[in-house]
Amino acid sequence: MSGTRDAQRARVYDAEGLVRRMFERADEHGARTVELHGSHLTLPIERRFASVESVQSYADKVLSLNWVRAQWDRATVPIRVRARSGALAAHYEFDTGVLAVPLHTGGTAWALRELVVLHELAHHLEPAGADLAAHGPEFCTRYLDLVDGIVGPEAALLLRTTLLGCGARLG
């Protein structure tokens, strides 16, 4: 990732927070249908992970998918998942190919979930040497493509609409 100003980082995080809460409510109440701008969507199940090893296995499987490898050259570059203790956020270290996830924050394992892992994999798939903002339009499109192809089109529609509603640009 580059030193380009990350002007829409807060917008992306705001949108993700809204989407995560919608998935959490669906899980808590067993009601998977939500209304989005007059349309009814049935939210798919978002995978949750129990350990660093399960996140590693999932990330390896995503990066080995034929369509992912066909779309992004960096899908062939392996990543390593490690625990990040005492932190409030997951992050991706581009130079070392490390995805760091907090295991438990405030009694929850909020980062051990599919949308968070796909967010970090979208960082990994950024073209090497690109001078792009970390959460810029290109990142948002990679992230949406991953969510659409892996979680499902309903989740991608919800995320896309929420990103746009929070003022994030796609590209």
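In the numbering used here, the protein residues as written are 292 to 462.
Think of the CB as a built atom: it goes at the ideal place given N, C-alpha and C, for glycine as much as any other residue.
Cβ neighbour criterion (16 or more within 10 Å) applied to residue i
i	result
H320	exposed
A425	buried
W358	exposed
I336	exposed
V303	buried
Proximity below 7 Å, CB of residue i to CB of residue j
i	j	result
Y383	E411	yes
L332	E445	yes
A381	V368	no
I370	H414	no
D462	E429	For the sequence presented, residue 462 should be read as Gly rather than Asp. Yes, Cβ-Cβ distance for G462 and E429 is below 7 Å.
D422	T295	yes
L437	L409	yes
Inter-residue spacing [alpha-carbon to alpha-carbon] between residue i and residue j
i	j	result
S330	T387	42 Å
C457	R373	31 Å
D364	D351	15 Å
L450	A366	22 Å
Q362	D439	14 Å
Problem set entry | Contained alpha helix (DSSP H) runs [length at least 4] in the segment 412 to 458, N- to C-terminal order | 428 to 441, 444 to 456
For this session: Just list the beta strand (DSSP E) runs in the segment 312 to 396, keeping only unbroken ones of 3 residues or longer that don't cross its boundaries, in chain order.
Result: 324 to 327, 330 to 333, 371 to 374, 382 to 384, 389 to 392
For this session: State whether the segment 335 to 349 contacts the segment 358 to 368, with contact taken as three or more CB pairs (one from each stretch) at a distance under 8 Å.
Result: no
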